[in-house]
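The next block holds one structure in the form of structure tokens; read it before the comments.
Residue numbers (the numbering used here), protein chains in the order written: chain H, 41 to 150; chain E, 4 to 121.
Following this line, the structure appears as structure tokens:
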């Protein structure tokens, strides 16, 4: 699976959109981009995933660049409960070995 | 919430003692995983399973063994616990499904087991 690069930490004001970047410049055509988050001491939680097209669900939006070398997770109206570590993972379907990097620690500021 | 249960939730054990952690699922998912998480680190994969009796090593498998004799249970064993294995252990399950023209392998995680080796 391709490697990902994320900023170590970010802050965002409560109520504003939080934009979390992820670089995956070596991604291959069949690799999906997944986002998970881990709220303090809990197990990680799936947020969203995509292949080529932008995706949106009740939690977030995922914007993937046209060349697929980077993506951005958008939390449209961040709340204090969105404070967590966010993991961007690139994974080939059929390879179910799921590995995490160090992620981005997002802190929502009141 | 996905039906995934880890037991025990907390354990204190002595160095050199064998320890087994259990992950039980009621979702009939094919894939199961064991991770450890230490302060300042992300999740590190120990072992994973892609079916009954089919397992493979992850990034940090030394000192750990696993067994999966039935779909619903994935056991992690520390043959002889060491202080460096003090950690929080997470189990996860996943299954590949197809919807909206794309594949999804969403993983669900247990609540974690806090293991202390003294």
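Even for Gly, the Cβ is constructed at its ideal location relative to N, Cα and C.
Partners in chain E for residue i, counting only beta-carbon separations shorter than 8 angstroms
i, result
"residue 137 of chain H", "48, 51, 59, 61"
"residue 86 of chain H", "109, 110, 111"
"residue 133 of chain H", "99, 106, 108"
Simplified DSSP assignment, three categories, for residue i
i, result
"residue 87 of chain E", "helix"
"residue 120 of chain H", "helix"
"residue 82 of chain E", "coil"
"residue 57 of chain H", "coil"
"residue 71 of chain H", "strand"
"residue 94 of chain H", "coil"
"residue 40 of chain E", "strand"
"residue 73 of chain E", "strand"
Pairwise C-alpha distance: residue j and residue i
i, j, result
"residue 71 of chain H", "residue 128 of chain H", "13 angstroms"
"residue 119 of chain H", "residue 108 of chain H", "29 angstroms"
"residue 78 of chain H", "residue 55 of chain E", "28 angstroms"
"residue 66 of chain E", "residue 72 of chain E", "20 angstroms"
"residue 111 of chain H", "residue 130 of chain H", "11 angstroms"
"residue 44 of chain E", "residue 141 of chain H", "9 angstroms"
"residue 113 of chain H", "residue 91 of chain H", "14 angstroms"
"residue 53 of chain E", "residue 136 of chain H", "8 angstroms"
"residue 55 of chain H", "residue 116 of chain H", "8 angstroms"
"residue 118 of chain E", "residue 33 of chain E", "26 angstroms"
Chain H contact residues for residue i, given Cβ-Cβ distances below 7 angstroms
i, result
"residue 34 of chain E", "136"
Burial state of residue i (16 or more Cβ within 10 Å)
i, result
"residue 39 of chain E", "buried"
"residue 110 of chain E", "buried"
"residue 86 of chain E", "exposed"
"residue 100 of chain H", "buried"
"residue 134 of chain H", "exposed"
"residue 120 of chain E", "buried"
"residue 22 of chain E", "buried"
"residue 122 of chain H", "buried"
"residue 69 of chain E", "buried"
Residue i: contacting residues in chain E (beta-carbon distance under 7 angstroms)
i, result
"residue 55 of chain H", "Within chain E, no residue comes near residue 55 of chain H; the closest Cβ sits about 28 angstroms away, beyond 7 angstroms."
"residue 142 of chain H", "45"
"residue 91 of chain H", "105"
"residue 83 of chain H", "93, 112, 113, 114, 115"
Beta-carbon separation (whole angstroms), residue i vs residue j, contact threshold 8 angstroms
i, j, result
"residue 75 of chain H", "residue 67 of chain H", "No, residue 75 of chain H and residue 67 of chain H are not in contact; Cβ-Cβ is about 14 angstroms, not under 8 angstroms."
"residue 8 of chain E", "residue 27 of chain E", "5 angstroms"
"residue 104 of chain H", "residue 73 of chain H", "6 angstroms"
"residue 84 of chain H", "residue 61 of chain H", "Their Cβ separation, rounded to whole angstroms, is 19 angstroms, which puts residue 84 of chain H and residue 61 of chain H out of contact at 8 angstroms."
"residue 29 of chain E", "residue 75 of chain E", "7 angstroms"
Distance cut-off 7 angstroms: residue i Cβ against heavy atoms of the ligand COA
i, result
"residue 66 of chain E", "Absent from the structure shown: the ligand COA. Ligands present: none."
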